[in-house]
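Let me begin by presenting the structure, written as structure tokens, before commenting on it.
Structure (structure tokens):
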């Protein structure tokens, strides 16, 4: 990978998405094989196993931000951009 390859940050707010984060991560990785990237998941205080599923990915390209209460999609997205 050349040093000129763009670095992408993909910011994804999630709420109760335990069944989707694995497939979503895999799909993003398959589409970005030639890029440097990070996937930033912002968990908006899910009450299922979303946080656990993201942590279990054990992927160095995945960052998890855990909100302490449900702030809503816009606030979760803003937290990921900050």
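Numbering (our numbering), first residue to last: 138 to 219. Note that beta-carbon positions come from the ideal geometry of N, C-alpha and C, so glycine has one too.
When the alpha-carbon of residue 208 is set against those of 148, 147, 182, the nearest one is in 182. Shortest Cα-Cα distance from residue 161 to any of 202, 214, 185, 149 involves 149. Comparing alpha carbon positions, the residue from 154, 178, 158 closest to residue 214 is 178. The C-beta separation of residue 155 from residue 186 comes to about 4 Å, placing the pair in contact by the 8 Å criterion.
By DSSP's assignment, residue 177 forms a beta bridge with 148, 200.
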